[in-house]
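Undergrad: I am attaching a structure below and will ask some questions about it afterwards.
2 protein chains.
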Amino acid sequence: MRAGRPRWASSSSTSRFRPTRASCGSPRCSTSRISSPPSTSDHRGRLEQQMTTTRQPGLVSVARHAGVSVGTVSNTINRPHLVAAETKARVRASIAALGYVPNRAAAALRRGSNPIIGLVIPDVMNAFYAAIVDAVVEAADRHRYAVSLCVSHDDPDRERRHFELLAEQRAAGALVVPVDADRSRLAQLRAFGTRLVLVDRRAEEAEGCSVAVDDVLGGYLAVSHLLQGQGNGVTIVNGHPAIPQCHDRREGARDALVEAGRNPDSLIEFVVATMNFAAGVEVARRIVAQDAPRRIFCINDQLALGVIEGLTAQGLRVPEDASVIGYGDLGLGASSRLSTVGQPKHEMGDEAVRKLLDELMDGESHVHTATVFPPHLIVRGTSSHAHDLTVA
Amino acid sequence: MRAGRPRWASSSSTSRFRPTRASCGSPRCSTSRISSPPSTSDHRGRLEQQMTTTRQPGLVSVARHAGVSVGTVSNTINRPHLVAAETKARVRASIAALGYVPNRAAAALRRGSNPIIGLVIPDVMNAFYAAIVDAVVEAADRHRYAVSLCVSHDDPDRERRHFELLAEQRAAGALVVPVDADRSRLAQLRAFGTRLVLVDRRAEEAEGCSVAVDDVLGGYLAVSHLLQGQGNGVTIVNGHPAIPQCHDRREGARDALVEAGRNPDSLIEFVVATMNFAAGVEVARRIVAQDAPRRIFCINDQLALGVIEGLTAQGLRVPEDASVIGYGDLGLGASSRLSTVGQPKHEMGDEAVRKLLDELMDGESHVHTATVFPPHLIVRGTSSHAHDLTVA
DNA sequence: TTGTAGGCGTTATCAC
DNA sequence: GTGATAACGCCTACAA
């Protein structure tokens, strides 16, 4: 089917233009008109409300068709156990025959709540959050909930706007990675009856359920692993310590040193502004120049890959001359040679949905819980068959 | 605030357990009870429908409070130009005073359509689709539409289930990367009145709008770039040619050879089953063993990074001894040294939303269009300040 | 086990 | 410009 598509060569003019962020009206991209829709038999003037054509069939149509009452049809759909088998069958047949599609908006209006789960994350391009989105969407689908996604980009306004949307939809609940520590917006949403589960953050006081990961333990695992190799001292390449993750992972690193009988202050720290590949390359230069320890814990994988690149460019061999460990298992998936600390992302998303649904179902008897998942060490590149290792 | 969190050391037992995919009931992750919610003042027995507490204020409450009719309140919200300035102000004050939140479910019921855009993609973890999600969510937010996300994982059932959901919600429209070539499901959804825009696929016949990227051009750009370097012949590391992207990019590669006055059949092809890092490493071995051309076009970035790794492991230097180019710009973001072909992902998502909204607004007069975006070459690693280059 | 009827909160069409 | 009022399609006591 795609064989019939026009070859680029046949319209080489398109290759002249590079898309910009401007509007697409300009000839920068080839836009072809497709036969204008021949007013597909659906020319209903907006004035004639009463059409002879059978509009979207509702419960009533189904009821008539099956020779039962609307209540029975509703019951067959929502509480099948209350309906006699034979009636049920007849109703179902009618539903299929008429192509009836229930109207959730009407149900939501009546019930006062909508089977929609809001999901607010800071960034979809980030593999960590993407994994959570994946898990949440899957779990929600299993329970026939819709997922209304919001990407906050750390903008409180966006977050608030999505909260309003959820409130207007009378969404059943929301899973949110809050933008900042200001919980007043969250409280506001909750006050409106929307159940909330915090993700990647601890819920405080008795405000609700939460799902998080133990970054202190993660830092500990990473540095404990480094300490098993040869060398002396440990270097940490960190982001700004005001970021909770950075703070916590460093704490864990210090714990590992303490456990090994060393002074936690012996940890040599390099702080970078942006935690990416380029910064890693740059830090590698400083590490070599200052002759810092060659057992290096990087706060994330991109930084780690950058450091390796930088070390290699300076003639050092990894892992012979230096040990590097990353964090997050987000770089190239399981394909690179980098050891790292993995986080149970899918489980987190899963558990968040579970908590929310539990709160929705149990209602009064629900007890808020805070689950903290332990990360795990992933050791790679030691043998030709790199594999995941779990360290107790 | 996070200072108060328990240190891992204080409950070292958690570090003993590694989460499995099983249920969270087991002691594998530390779950702490948070003070049980003291039945937050909200103990309304399900029998007493009539509560004395002012339920959620509706249009009527606002109307009463402002001393106007419901119609006027509705108008102040939806068609402010029809309302006198002074009345408008009074109504708005009442809305704020009562904390009124409009009920979208009711509006949707009445209007027959819901301001929700469905988005169906095969995979959120894939950076290409993640970028599209990001763009779509942002554009939808600008217009106050909600985005209902579905990740199909190439499963037609999931796709169908989400289509049903959208139909039940009376969603305004949907953006979809279809699972397969079978367009009957799409037709079904469309028949229900949901507007559809195809993403990363060409719409056929007059079925609707679509947004895609020109992979033939992308392959051409990549190989043209390789041909500018020294060496003779070109190697392509490809996925299965039944995948449209793989097929098209190879076509473009052949076009480039033709343009350079070479025989397109001189292209040496290695086909891999899974297009990841490990496969790249393996292919590199075969390339060296068979002495295939050292100008290598890889169908994606992961493969390319694997090939570089494999070549390096065999003692070759890149780019001195071999030129490698990837595709997609998805590897490490803009941070690696790999040249590649970039796709205007954000523009695609943006344009898809624009087409959908246009169809929604214009109604009858809407004309379906198919937009094909040109990819662009990204050359990296040539200087110490790697930067993006656009080639005309 | 099934039928009946009232109302959920909005929108839109009228008169005024 | 504003006020009444009739749907929209479904759920759920309650009656039969």
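Read top to bottom, the protein sequences are chains A and B. 1 is the number of the first residue of the first sequence in the UniProt record's numbering; add one for each residue after it. 1 is the number of the first residue of the second sequence in the UniProt record's numbering; add one for each residue after it. Each residue gets a CB set at the ideal place from its N, CA and C atoms; glycine is no exception.
(1) In angstroms with no decimal places, state the Cα-to-Cα distance between V91/A and A106/A.
(2) Specify, as a first and last residue, the run of the alpha helix (DSSP H) that H225/B falls within.
(3) List the endpoints of the continuous beta strand (DSSP E) containing G118/B.
(4) Checking contacts by CB at 7 Å: is V379/A closer than that to chain B?
(5) Please state the DSSP three-state secondary structure of V372/B.
(6) Which residues in the same chain as A139/A place their Cβ atom closer than 6 Å to its Cβ, once the five residues preceding and following it in sequence are excluded?
(7) Spell out a yes or no on whether the stretch 177-197 of chain B and the stretch 252-260 of chain B are touching, meaning 3 or more CB-CB pairs, one atom from each, closer than 8 Å.
(8) Spell out a yes or no on whether the stretch 89-103 of chain A and the stretch 114-130 of chain A are touching, meaning 3 or more CB-CB pairs, one atom from each, closer than 8 Å.
(9) Could you pull out every residue in the same chain whose Cβ sits closer than 7 Å to the Cβ of V318/A, ignoring the five residues on either side in sequence?
(10) With a threshold of 7 Å between beta carbons, is S184/A in contact with chain B?
(11) Report yes if the C-beta distance between K345/A and I121/A is below 7 Å; otherwise report no.
(12) Determine the chain A residues that contact E168/B at a beta-carbon separation under 8 Å, and present them in chain order.
(13) Please report how far the alpha carbon of K88/A lies from the alpha carbon of D157/A, in whole angstroms.
(14) Quick one: grab the DSSP three-state call for T31/A.
(15) Compare the C-beta of S339/B against all C-beta atoms of chain A and say whether one is closer than 7 Å.
(16) Name the chain B residues that come within less than 9 Å of S148/A, Cβ to Cβ?
(17) Would T235/B pass as a contact of I296/B if the rule is Cβ separation under 7 Å?
(18) Listed from N- to C-terminal order along the chain, which residues in the stretch 284-298 of chain A have their beta-carbon within a distance smaller than 8 Å of any beta-carbon of chain B?
(19) Please classify P80/B: is it buried, with 16 or more other beta-carbons within 10 angstroms of its beta-carbon, or exposed?
(20) Which residues, taken in chain order from the stretch 108-137 of chain A, show a beta carbon closer than 7 Å to some beta carbon of chain B?
(21) For E364/A, count the other beta carbons within 10 Å of its own beta carbon; 16 or more makes it buried, fewer makes it exposed. Which is it?
(22) Identify the contact partners of F192/B in chain A, using a Cβ-Cβ distance below 9 Å as the criterion.
(23) Leaving aside the five residues before and after D42/A along the sequence, list all residues of the same chain whose C-beta is less than 7 Å from its C-beta, in chain order.
(24) Relative to the alpha-carbon of N276/B, which residue among V147/B, V211/B, N238/B has its alpha-carbon at the smallest distance?
(25) Can you tell me whether H368/B is buried or exposed, with buried defined as 16 or more other CB within 10 angstroms of its CB?
(26) Following the continuous alpha helix (DSSP H) through E138/B, name the residue where it begins and the one where it ends.
(27) Starting from R79/B, find everything on chain A with Cβ-Cβ shorter than 7 Å and list it in chain order.
(28) Excluding the five sequence neighbours on either side, which residues of its own chain have a C-beta within less than 6 Å of the C-beta of A66/B, listed in chain order?
(29) Do you know offhand how far N78/A's Cα is from E359/A's?
(30) Could you check how far apart the C-beta atoms of E168/A and P102/B are, in whole angstroms? I think they sit under 8 Å.
(31) With three or more beta-carbon pairs closer than 8 Å as the criterion, would you say the stretch 276-296 of chain A touches the stretch 182-193 of chain A?
(32) Near D215/B, what residues of its chain come up, given a Cβ to Cβ distance below 6 Å and the 5 sequence neighbours on each side ignored?
(33) Near R285/A, what residues of its chain come up, given a Cβ to Cβ distance below 8 Å and the 5 sequence neighbours on each side ignored?
(34) Check whether the Cβ atoms of G118/A and S148/A lie closer than 7 Å to each other.
(35) Considering Cα atoms alone, identify which of A135/A, H153/A, A84/A, A370/A is closest to D141/B.
(36) Comparing alpha-carbon positions, which option in N263/A, H143/A, A260/A, A242/A lies nearest A273/A?
TA: Result, derived from the coordinates:
(1) 20 Å
(2) 215-228
(3) 114-121
(4) no
(5) strand
(6) D350, V353
(7) no
(8) no
(9) I308, L311, T312, V324
(10) no
(11) no
(12) V101, P102, N103, R104
(13) 49 Å
(14) strand
(15) no
(16) I116, A146, V147, S148, L149
(17) yes
(18) none
(19) exposed
(20) A108, L109, N114, V124, M125, A127, A130, A131, V133, D134, V137
(21) exposed
(22) Q56, G99, V101
(23) Residue confidence is low: D42/A scores 36 on pLDDT, short of 50, so the model does not pin down where it sits. Its coordinate-derived value is still stated next. Excluding positions up to five away in sequence, the list is empty.
(24) N238/B
(25) buried
(26) 127-142
(27) In chain order: nothing, as chain A lies at least about 16 Å away.
(28) R90, V91, S94
(29) 21 Å
(30) 5 Å
(31) no
(32) Q245, D248, R249
(33) G310, Q314
(34) yes
(35) H153/A
(36) A242/A
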